[in-house]
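Below is one structure, written out as structure tokens, with a few remarks after it.
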Amino acid sequence: MALPVQIKCITRNPRPDPHYPVIEIGGYTDRRWRIGIEDAIEHISDGTWSFYTKVDGRVRTIIVVSRNGRKFLETEREPGAPDDLMRLPECPAFDEDD
1 MALPVQIKCI TRNPRPDPHY PVIEIGGYTD RRWRIGIEDA IEHISDGTWS
51 FYTKVDGRVR TIIVVSRNGR KFLETEREPG APDDLMRLPE CPAFDEDD
């Protein structure tokens, strides 16, 4: 069974890319963590972890979506609803002690 992990921040792609607007996801439990999108996709696909967001009291599951042969992450939602993943704050820079 996949371990559920809350995503609390994202790192946006510095280059404008509508297919890859996020390059990392992150959060914190007892310490801050951050992983690349490719690793997150792999963890979801192999059932190791599942990810979710909590925005405005709504919990939404993160899913892997494939368009034009490219995989990326987005929140499972109703058509036309905003992607809560994109509403998360930018991940803070890691300090040397992190």
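Residues in the sequence shown are numbered from 1 upward in steps of one, following the UniProt record's numbering.
Where a beta carbon is used, it is the ideal one built from N, C-alpha and C, also for glycine.
The beta carbon of glycine 80 lies closer than 8 Å to none in the same chain, with the five residues before and after it left out. Cβ atoms of isoleucine 7 and phenylalanine 51 come within 8 Å of each other, at about 5 Å.
In this structure, the beta-carbon distance from valine 5 to tryptophan 49 falls below 8 Å. Beta-bridge partners of threonine 61 (DSSP): Tyr52.
Beta-bridge annotation (DSSP): isoleucine 44 is not paired with any residue.
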